[in-house]
Amino acid sequence: MSYNPGVSTGQLNVSHSSAITNNFTINGATINANKCWHPAASDTNPCVTASYTSNGIAEIGSIQLQGRPDADQWVTSFTLKYTLDGLVWKDYNNGTPIPTGLNDRNTPQTITLSPPLRAQSVTLYPSTFNGARTLRWEINFKPIPRQTITNFEFGLFSTRDGNYPKLYDGSNGDKRYEIPVKFATGFIRPPIVTSNLQNINMSKTGQSFKYSFIAHDITEDGFTMLIRTWDECQLEEISFHWLAFELSQ
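Sequential numbering of the sequence shown, starting at 1, is according to the UniProt record's numbering.
Now the structure itself:
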């Protein structure tokens with residue numbers, strides 16, 4: 001998906017720390033507009049913020065900036081802060097000022113963010129300027145939807161529970177063990193299944209342990225854990241946690 005304008009289209013909500021008058025708010029201060037943002041003279045740390053309030057976060061590919069339309073005033077560098085959750089704010093580019101490339105009031109410049117910035121909200125702080133900290137702007141972004149878990153089940157499986165014989169046959173080579181797991185309530189569609197090892201008991205005559213365990217044959221009702229060992233490794237006992245979940249479409 002390509003990056004598209006977010007400020008002028010209203011897909012990003014904008015706010016400011018202050019405005020010198022009601023004619024100089026950030027609302028409507030977009031590229032080639034007949035107005036601009038101008039902070040109050042008493043504002044010691046002026047800034048403008050863009051926020052993505054739909055489901056998910058925004059990936060920002062570039063920022064466009066332009067000066068004041070009726071005076072020789074523009075921002076020459078800025079810093080960015082961003083947040084993913086609205087609580088913890090971080091510096092972009094380690095807080096190093098980013099040059100705008102602006103040299104006059106009307107020629108816009110595009111500042112590409114590399115790497116792109118993923119955020120719920122981003123705040124721009126003018127660092128240096130010509131005449132005054134005034135700007136018109138645009139943020140080019142694409143939405144990154146957040147998925148939510150709609151259903152889940154989890155469990156612990158162990159061959160120690162007595163339902164399975166000792167997983168050791170004394171042979172060498174590629175050995176496979178299939179362990180069926182049944183869900184308690186089931187899912188609407190085959191879920192995502194993850195697992196992590198809790199305990200393993202193996203013996204060997206070689207120099208390394210070789211094993212893998214992979215969930216496969218996943219259905220709405222359950223899955224099969226495929227356990228493999230190689231060469232001289234002998235698997236005697238294994239326990240693992242598993243988690244199955246569905247995501248919103």
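The beta-carbon is built from N, C-alpha and C at its ideal position, and this holds for glycine as well.
Have a look at the DSSP bridge pairing and note the partners of residue i.
i    : result
A71  : None, per the DSSP bridge assignment.
H16  : V48
W230 : W230 pairs with nothing; no bridge assigned.
S93  : Note that residue 93 is Asn in the sequence shown, not Ser. For N93, which the question treats as bridged, DSSP gives no partner whatsoever.
Y125 : T79
G10  : BP columns for G10 are empty, so no partner.
E246 : N151
N32  : Paired residues: none, contrary to the question.
Using only CA atoms, which one of the options lies nearest to residue i?
i           : options                : result
G155        : P115, A119, P46, Q198  : Q198
Q120        : F240, G6, E236, T25    : G6
S239        : S158, A184, L247       : S158
D85         : R68, T53, G101         : T53
R176        : N151, N196, T224       : T224
N13         : T30, F24, Y3           : T30
G10         : E138, N23, N106        : E138
G61         : K210, S114, T123, I149 : S114
S17         : S42, C47, N34          : C47
K66         : F183, D104, Y125, F213 : The sequence given here has Gln at residue 66, not Lys. The shortest Cα separation from Q66 among F183, D104, Y125, F213 belongs to D104.
T134        : L124, F141, R146, N140 : L124
L247        : H216, I227, T150, L102 : T150
S8          : S2, N22, N27           : N27
N201        : T229, T194, K182, V181 : T229
K81         : R118, Q64, D43         : R118
P69         : D221, F213, P99, A33   : A33
residue 251 : E153, P126, T110       : In the structure as shown, the chain starts at 1 and stops at 249, and residue 251 therefore has no counterpart that could be examined.
R136        : S2, F24, Y3, E59       : F24
K182        : T148, P190, G222       : G222
Pop quiz: residue i and residue j are said to be a contact at Cβ under 8 angstroms. What is the actual Cβ separation, rounded to whole angstroms?
i    : j    : result
I144 : I57  : 5 angstroms
T79  : G95  : 6 angstroms
F245 : I192 : 6 angstroms
A19  : H38  : 7 angstroms
H216 : L226 : 5 angstroms
S77  : I98  : 6 angstroms
P108 : E59  : That pair is no contact at about 21 angstroms.
E153 : T185 : 7 angstroms
I146 : N55  : According to the sequence provided, residue 146 is Arg. The question's Ile does not apply to it. At roughly 6 angstroms, the Cβ-Cβ gap stays under 8 angstroms, so R146 and N55 are in contact.
The beta strand (DSSP E) that contains residue i, what's its start and end?
i    : result
H38  : Where H38 is concerned, there is no enclosing beta strand (DSSP E), given that its DSSP letter is neither H nor E.
L102 : Run containing L102: none; DSSP gives neither H nor E here.
K182 : 175-182
R189 : Counting along the chain, R189 falls outside any beta strand (DSSP E), and DSSP gives it neither H nor E.
I111 : 109-119
R136 : 136-144
F24  : Where F24 is concerned, there is no enclosing beta strand (DSSP E), given that its DSSP letter is neither H nor E.
Q147 : Element bounds for Q147: n/a, residue is neither H nor E.
G86  : Run containing G86: none; DSSP gives neither H nor E here.
Y211 : 211-216
E59  : 57-66
message: I'd like to know if the segment 118-134 and the segment 65-74 are in contact, where contact means that at least 3 CB-CB pairs between them fall below 8 angstroms.
response: yes
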